[in-house]
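One structure is given here, and the rest of the page talks about it.
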Amino acid sequence: MPIPLKTISTAIRKFAHIQKEATGVTIEVEPENFWSGPNQEWHLVPKFGNINDINSLALVCETCQWYLPGRMMSAACQQSPFIQSLGQDRNGFVQVNKEHTSILQSPIKYFYDTCGHFSKAGFGIVIPVLITVAPREITSHGKTFRVMTGQALVTHGDGFVRDASVKSDMYFAVSTDSPLYNYMDRGHIVFFVSKSGEDPSIFVANQLSLNVYYFAALYAIAADRLKPLLRNEVFLPAQVSADLQRILLAAEREVPEKYAQAYAQLKQTIRADFDTNAQNVIVTKFQRGEIREVTLNNIKMSENRAVYETISIETPGLTDVILHKLDPNGVFDIYQLVDAFIASILEEAARVPLNASGQGFAEAKQWTFHINNIPITLSLSTTNTRRRVNGHLINNDELPRVLRRATCYTDAASYNSFLRQIEKASLRVHDAIANGVPIKIWLPARAGYHQDVTMKHPKIQFITEGGKYFLWIDKEKTRRVPLRRFVGLLDKLKKLNSQTNNGYVHDDSGFNYRNTDWCKWKLKRIIREHAVDDKDVPLVTEAELEPLVELLLEARTEAEKKSAQLLASVVKETGAQEINYKGLTAYEITGNSGQRYRVEKEGQFRVWKAGTDQYVCIVDGRGEMGVGYDALVARLLALRNDTFVVDRITTLRDHVREGAQAAQAAAR
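Each residue of the sequence shown is one higher than the one before, starting from 4 at the first, in the numbering used here.
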């Protein structure tokens with residue numbers, strides 16, 4: 004295949020420059036034609052020989068930065084004692100956007116090179132590599148050189164990979180005269196950038212983030228314009244987000260007009276790829292212990308601790324829970340992480356066998372951890388089959404909720420006081436008195452029999468007085484009936500909710516559907532079984548309970564009607580637009596900060612950032628579920644007024660700041 008004249012001229016110019024600069028150094032340079040690159044075409048590149056000392060290597064590296072793979076050097080050169088001595092550190096360079104990893108219950112995954120999209124969009128070739136070991140320092144002729152070696156980067160398909168079948172090595176060396184010298188260090192990422200027809204270039208960053216990828220794409224098309232924005236024209240201080248944001252905004256103003264539209268499209272592609280693949284890489288390195296901290300879904304995690312705003316959990320081996328019980332690439336919040344950890348220790352506790360008498364466990368065991376810095380110990384004893392939490396006996400079926408409830412407390416004294424109450428009367432008794440018991444009596448228009456009961460369902464209300472329990476049976480709460488065996492009643496109500504699934508049942512009247520009518524009939528029978536005197540004589544008739552059942556449906560109908568009217572009013576007031584998002588009905592709304600959000604209309608009302616699809620976890624301690632669309636209304640109002648509620652819903656802080664910065668940039 005013929006080689007373009009421009010390519011030949013560029014190569015000859017580079018060769019001549021090397022020979023001119025090589026004072027006192029003899030370097031053999033000859034052109035070599037090879038088939039490579041993202042477009043799989045012929046390239047003319049220099050092939051170096053006679054590189055037998057550090058001066059020669061540094062000269063080649065600094066003058067012709069892109070042509071670094073060892074296969075560009077003659078075989079004789081690679082066999083020299085000098086080159087062989089450098090080859091001992093061949094694993095110093097690792098490509099950061101390609102990983103192989105195995106996650107429990109998942110197949111081995113191969114992560115595509117994010118920068119592979121650059122060349123497809125006409126932005127050139129960009130290869131970021133991570134320096135994983137401290138560079139070797141060599142002093143020669145009064146100069147100190149930093150030397151890195153690694154396996155050769157070879158072309159494959161649409162990008163570059165490390166190929167174990169290639170025996171050549173990659174060498175890089177810089178002297179104290181080079182601005183790169185101070186930044187070629189362990190933990191830094193070196194970006195090798197090349198665009199067809201232009202001189203290759205290098206810059207270094209101290210972090211791999213989304214904004215760094217954006218900058219790399221711009222650098223590939225306008226390196227000369229962007230170098231002045233870098234520290235010493237080579238270093239991008241990515242760990243200081245404010246500095247990086249300022250540099251990126253300045254870089255975007257330098258984008259040539261002909262690339263503006265392509266860059267906007269490339270940003271969306273980079274974001275989508277980065278959200279999945281770059282996070283995979285980060286999680287993998289976190290799992291291997293190569294990095295000590297990681298942030299997933301805005302949760303800051305270390306090996307033993309996870310923190311989200313005011314909620315935290317700390318325990319040895321928390322990393323295993325994060326990686327094995329949750330999907331690191333999925334959407335989860337701090338509560339789901341806490342639940343996953345609690346489930347893991349309860350599974351471990353369930354595997355401890357009972358002793359021969361069956362009155363205790365075969366061995367005493369305990370698990371200690373902290374939630375919100377509150378010390379919590381779950382223990383098993385050889386004298387009791389019930390579990391203890393901080394020394395208090397807790398029913399086994401209530402353990403998950405009792406442990407999770409620690410996230411609602413900020414001090415140990417309050418949580419331990421809660422445990423003492425639960426030891427005297429179970430958690431479900433306390434919750435039933437405080438909140439009522441929801442009953443899955445669906446409205447006729449509903450078809451949600453398959454769903455679990457929630458606090459949004461109509462509830463029957465109880466009161467306790469003098470150590471006894473009573474049920475309110477009228478709207479004005481003027482009439483109540485006493486109840487016996489209250490815990491047994493709660494058990495039956497729980498079973499009723501699970502049975503109301505529109506399936507078949509055979510009872511006294513034959514085969515029936517477990518639907519709304521069946522649930523109403525069954526509810527009245529259950530109440531009459533417990534609203535009895537000391538001789539088990541019912542104190543209330545089914546006819547007297549009919550108004551209670553109808554009251555539940557009436558209250559739910561009226562509440563949902565008002566909730567729907569309120570939603571329509573708020574949608575109009577806030578300017579929210581109804582859209583189809585991820586196959587669901589959602590609302591898109593713009594906050595005061597300028598940030599755009601998308602909120603699911605049904606389910607958990609999850610929030611996403613428009614344009615990037617980044618999940619936004621909302622933690623509002625004052626939120627109430629309510630009925631109908633009450634929670635959605637509250638969420639829409641909060642997002643519309645994000646700058647005003649950010650002190651209460653602190654999880655919005657970063658998104659509000661980002662929206663404000665984007666609005667300011669657009670106004671310039």
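Glycine included, C-beta positions come from ideal geometry on N, C-alpha and C.
None of these values were measured; they are calculated from a predicted model.
query, result
"Which of helix, strand or coil DSSP assigns to K480", "coil"
"Per-residue burial, N94 [other beta carbons within 10 Å of its own, 16 or more giving buried]", "Reliability of the predicted coordinates at N94 is poor, the pLDDT of 49 falling under 50, and the value obtained from them is presented with this limitation in mind. Flag for N94 reads exposed."
"Pair within 9 angstroms by beta-carbon distance, L587 and E603", "yes"
"Three or more C-beta pairs below 8 angstroms linking the stretch 371-381 and the stretch 389-398", "yes"
"Distance, V196 Cα to Y222 Cα", "8 angstroms"
"Run of the alpha helix (DSSP H) containing H533, from where it starts to where it stops", "T519 to H533"
"Opposing strand residues paired with R601 [DSSP bridges]", "E591 and W611"
"Option in W521, A613 and R390 with minimal Cα separation from G506", "W521"
"Opening and closing residue of the beta strand (DSSP E) in which A309 lies", "R308 to Y311"
"Counted within 10 angstroms of its Cβ, other Cβ atoms place H120 as buried (16 or more) or exposed", "buried"
"Any 3 or more C-beta pairs closer than 8 angstroms across the stretch 545-557 and the stretch 475-490", "yes"
"Cβ-based burial, D276 [other Cβ within 10 Å; buried from 16]", "buried"
"S122 burial status per 10 Å Cβ neighbour count (16 or more: buried)", "buried"
"Three-state secondary structure assigned by DSSP to Y472", "strand"
"Separation of R389 from N100, as counted between CA atoms", "In this predicted model, N100 has a pLDDT of only 43, less than 50, meaning its place in the structure is not dependable; the value taken from the coordinates is given anyway. Whole-angstrom Cα-Cα distance: 50 angstroms."
"Where the alpha helix (DSSP H) containing T272 begins and where it ends", "A263 to D276"
"Rounded distance between the beta-carbons of G127 and I250, thought under 8 angstroms", "About 19 angstroms separates the two Cβ atoms, so there is no contact after all."
"Burial state of I466 (16 or more Cβ within 10 Å)", "exposed"
"Element boundaries [alpha helix (DSSP H), containing A634]", "D633 to R643"
"Coil, strand or helix - P441 by DSSP", "strand"
"Terminal residues of the beta strand (DSSP E) in which A137 lies", "No beta strand (DSSP E) contains A137, which DSSP labels as neither H nor E."
"V207 beta carbon less than 9 angstroms from that of F238", "yes"
"Terminal residues of the beta strand (DSSP E) in which Y618 lies", "Q617 to V619"
"Sheet register partners of P461 (DSSP bridge)", "Beta-bridge pairing links P461 to no other residue."
"Chain-order list of residues whose beta-carbon lies under 8 angstroms from that of P356 (same chain, five-residue window excluded)", "F364 and A365"
"Beta bridge counterpart(s) of P541 as assigned by DSSP", "V535"
"Proximity to F344 [Cα-Cα], best of K328, A359 and V150", "K328"
"Beta-carbon spacing of L321, L402 below 9 angstroms", "no"
"Residue span of the alpha helix (DSSP H) that contains P403, given as start and end", "L402 to R407"
"Bounding residues of the beta strand (DSSP E) (the contiguous stretch that carries Y584)", "Q580 to Y584"
"Rounded separation between V432 and V490 - CA only", "7 angstroms"
"Local Cβ density within 10 Å of A437, reported as buried at 16 or more and exposed below that", "exposed"
"Inter-residue Cα distance where the pair is G361 and S384", "12 angstroms"
"Among S347, R295 and A220, the one whose alpha carbon lies nearest that of Q268", "A220"
"Cβ neighbours of N419 in the same chain (closer than 7 angstroms, five flanking residues each side left out)", "N393"
"DSSP-derived helix/strand/coil call for Q362", "coil"
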